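From first to last, the protein sequence lines stand for chains S and G. Residue numbering for the first sequence follows my numbering, starting at 1 and increasing by one per position. Residue numbering for the second sequence follows my numbering, starting at 1 and increasing by one per position. Below is one structure; the comments refer to it alone.
There are 2 protein chains.
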Amino acid sequence: MRARPTLEKVAARAGVSRATASRVVNGSTRVAPQIRDAVNRAVEELGYVPNQAARSLVTQRADSIALVFPEPATRVFSDDPTFAGIIRGVSMEIEEADKQLVLMLTGMTGGYQRVERYATNGHVDGVVIASMHGTDPLPGILARRGVPVVCSGRPTVPSSLPYVDMDNAGGAERAVRHLMERGRRRIATIAGPQDMIAGIDRLNGYRAVLRDSDRRSIVAVGDFTRESGTSAMRQLLADDPEIDAVFVANDMMALGALPALRQAGRRVPDDVAVVGFDDIPAASYTEPPLSTVRQPTVEMGRRLARMVLDLEEKSQVMLPTELVVRGSTGS
Amino acid sequence: MRARPTLEKVAARAGVSRATASRVVNGSTRVAPQIRDAVNRAVEELGYVPNQAARSLVTQRADSIALVFPEPATRVFSDDPTFAGIIRGVSMEIEEADKQLVLMLTGMTGGYQRVERYATNGHVDGVVIASMHGTDPLPGILARRGVPVVCSGRPTVPSSLPYVDMDNAGGAERAVRHLMERGRRRIATIAGPQDMIAGIDRLNGYRAVLRDSDRRSIVAVGDFTRESGTSAMRQLLADDPEIDAVFVANDMMALGALPALRQAGRRVPDDVAVVGFDDIPAASYTEPPLSTVRQPTVEMGRRLARMVLDLEEKSQVMLPTELVVRGSTGS
DNA sequence: GGGGAGTGTGAGAGCGCTCTCTGGAAGAAT
DNA sequence: ATTCTTCCAGAGAGCGCTCTCACACTCCCC
Chain S
1 MRARPTLEKV AARAGVSRAT ASRVVNGSTR VAPQIRDAVN RAVEELGYVP
51 NQAARSLVTQ RADSIALVFP EPATRVFSDD PTFAGIIRGV SMEIEEADKQ
101 LVLMLTGMTG GYQRVERYAT NGHVDGVVIA SMHGTDPLPG ILARRGVPVV
151 CSGRPTVPSS LPYVDMDNAG GAERAVRHLM ERGRRRIATI AGPQDMIAGI
201 DRLNGYRAVL RDSDRRSIVA VGDFTRESGT SAMRQLLADD PEIDAVFVAN
251 DMMALGALPA LRQAGRRVPD DVAVVGFDDI PAASYTEPPL STVRQPTVEM
301 GRRLARMVLD LEEKSQVMLP TELVVRGSTG S
Chain G
1 MRARPTLEKV AARAGVSRAT ASRVVNGSTR VAPQIRDAVN RAVEELGYVP
51 NQAARSLVTQ RADSIALVFP EPATRVFSDD PTFAGIIRGV SMEIEEADKQ
101 LVLMLTGMTG GYQRVERYAT NGHVDGVVIA SMHGTDPLPG ILARRGVPVV
151 CSGRPTVPSS LPYVDMDNAG GAERAVRHLM ERGRRRIATI AGPQDMIAGI
201 DRLNGYRAVL RDSDRRSIVA VGDFTRESGT SAMRQLLADD PEIDAVFVAN
251 DMMALGALPA LRQAGRRVPD DVAVVGFDDI PAASYTEPPL STVRQPTVEM
301 GRRLARMVLD LEEKSQVMLP TELVVRGSTG S
């Protein structure tokens, strides 16, 4: 590999000073057109590309941002398309800003310190945290250290930290109302973990609608895994055999609930209608296909990136969710 | 944010020269113990962390490697857990080597040039390409430019480029033999695209086993999407209604084949046994659960990373695949 | 025609670090 | 006691870039 040309070489070839060459490369307007052209030609001929390390050293910018997936998220990485969407969205936006994406999956051992050390030392211009739990201390730590940081998902405790959240409550409300519109009377829910904002808000949405229509909540709590969906469903049927609809707080648990219903001799949607949440790919492959609430994951990624790059005016954004009606709630 | 301490500051505090401080920080043995301790104490007290940009500038190393997902891969990103596994594996290994992972999803517009420009200019120490198509020109370009590069998946044309591949042929053979052991007589296949090494090798594996047992191949070709699985299955049934087993080259197509079989009045596994490939999460949620071939995706990521970091002696590695027997091939 | 004002270019410092080279001290060998 | 090694620490250059500052030049107005 031949040595990379430096700015010095470019300047020499164009017959100008290094400073002027730098100006052209960085798009300064205060350069005479013919000189600019000469420099650009030299850049072209030499195949010059700026050395990022040298640039960073003087500008104190890294031109890269970190996308952090905390350990709990990492574990479900493969099952949850939310993360894939976020990565894609962040990546798109980062690319447009001509910066780099540094991906950090915090392992179990000292992942925090690693991210903290890395981020608080000018290696990145900002950090996007794909945090699942609203109680994650990392965002606060980084923010206090002066690192621009944005979270996916609202913190569970009120805070001034910037975030992008999905309208979980609104999505849940729409899902439950949809069930009511289909004439369902006894609507239960399988809620998610109550230490995650998604779990909390989706349950709140469910409760709000039932309260408005003077119905009784029928709640079982799962942990967003398929298995927990199965056992929660069994429990709901045991508690109240008359159930004719279930709002399940995520698709994964809904996937677990379906076999439980089948085993209990309930037909979906005839006897029991089911709505999930997330719109994972598998949701459209179930029998019957699962009605669910779709989240704009790619858009979330984009907004996260824009926010951390300071291209966004608001610092707390709520993205709309969308009800997707399929076979599991009737035709 | 207060200014980060520099090596100069550390040296001053420890009462030594910058050079010595550097030696200690970089773990040189040729430093007197008491001086080393003094420097380490200063590092501790000041919370010193080396400036990577400055270091890179002089060492010409970037201490980071790029993981590139070419466009076609990016599109299926969310559906395919293979990529999640690779990311996790690469991430783990990179972390252990105390380097950074730069993720690049090449968009449709000029993604190649971007990666090429970025990688050939010392921003990264190596590139891992999660290439789907064996004909991808990027690996060759980078290699020629002197950038350490490793591909996931063997190139379709013989080449000296380093790669980590799955034993697709072996997995296919095991799957087909399994069907034979279950007493199946007419074993068809839904093959994948024949411009991808996975598609080619899996079909070859299928053919090899049938040839050995003097049976006739019954082949339909899909493109690894669910929809193509459905139509390929319909075609197979039209071509030969006596089929009693299908080896499907990936789970996604198998997911599409199942409803086609159901619609044609075939029971699985009673009338037709089905084996997939990949072991995606959804494979265990089908009715009946899908027998399939599992790939060590995380291990693949690890090996890719180790190889590009030059920690691996071999430069072309084949990882074993594993048959996972579930309900779709009988009990 | 002389003194601003404005514009474009170059010189040079310096970002924080590594690494070679030099020098001095201590111990070994003569 | 003198010279030769050996070992460890410091001085200083320089990685490639940006950016401030100074300087040269043109233009214009009084």
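Glycine included, every Cβ here is placed at the ideal spot set by N, Cα and C. Please read these numbers as outputs of a predicted model, since none were measured by experiment.
The Cβ of residue 204 of chain S sits no closer than 7 Å to any Cβ of chain G. The Cβ atoms of residue 249 of chain S and residue 191 of chain S lie closer than 7 Å to each other. Scanning chain S for C-beta atoms nearer than 7 Å to the C-beta of residue 49 of chain G yields 117 and 121, reported in chain order.
Contact with chain G is absent for residue 30 of chain S, since none of that chain's Cβ atoms lies less than 7 Å from the residue's Cβ. Straight-line measurement puts the Cα of residue 214 of chain S at about 21 Å from the Cα of residue 237 of chain S.
Residue 320 of chain G sits away from residue 165 of chain G, with the two beta carbons spaced by 7 Å or more. Here the alpha carbons of residue 280 of chain G and residue 292 of chain G stand approximately 9 Å from one another.
When Cβ pairs closer than 8 Å are counted between the two stretches, the region 1-15 of chain S is seen to touch the region 45-64 of chain S, the count reaching three or more. Contact fails between the region 120-140 of chain S and the region 253-269 of chain S, because fewer than three Cβ pairs, one in each stretch, are under 8 Å apart. A Cβ-Cβ separation of about 4 Å places residue 302 of chain S in contact with residue 89 of chain S under the 8 Å criterion.
Judged by their CB atoms, residue 124 of chain S and residue 64 of chain S are nearer to each other than the 7 Å cut-off. The criterion of a C-beta distance shorter than 7 Å is satisfied by residue 172 of chain G and residue 205 of chain G.
The alpha-carbon of residue 148 of chain G is positioned some 6 Å away from that of residue 308 of chain G. In this structure, DSSP gives residue 161 of chain G a state outside helix and strand, which the three-state scheme calls coil. In terms of beta-carbon proximity, residue 102 of chain S lines the interface with chain G, with at least one pair separated by less than 7 Å. In the displayed model, residue 126 of chain G falls within a strand according to three-state DSSP.
By the Cβ rule, the region 35-44 of chain S counts as touching the region 9-23 of chain S, because three or more pairs are nearer than 8 Å.
The DSSP-derived three-state label of residue 28 of chain S is coil. With at least 16 other beta carbons inside 10 angstroms of its own, residue 328 of chain G counts as buried. Bounds of the beta strand (DSSP E) holding residue 149 of chain G are 149-152. Contacts with chain G at 7 Å (Cβ-Cβ) do not include residue 7 of chain S. It is roughly 18 Å from the alpha-carbon of residue 162 of chain S to the alpha-carbon of residue 115 of chain S.
Among the residues facing chain G, residue 56 of chain S is included, as its CB has a counterpart in that chain under 7 Å away.
Chain-ordered, the chain G residues with CB closer than 7 Å to the CB of residue 52 of chain S read 123. Excluding residues up to 5 positions away in sequence, 90, 93 and 94 lie with their Cβ nearer than 6 Å to the Cβ of residue 305 of chain S in the same chain. Uninterrupted beta strand (DSSP E) stretches at least 3 residues long and entirely within the region 256-318 of chain S occur at 273-275 and 292-294, given in chain order.
Annotated three-state conformation of residue 83 of chain G is helix, per DSSP.
Chain G places a beta carbon closer than 7 Å to that of residue 4 of chain S, counting this residue as a contact.
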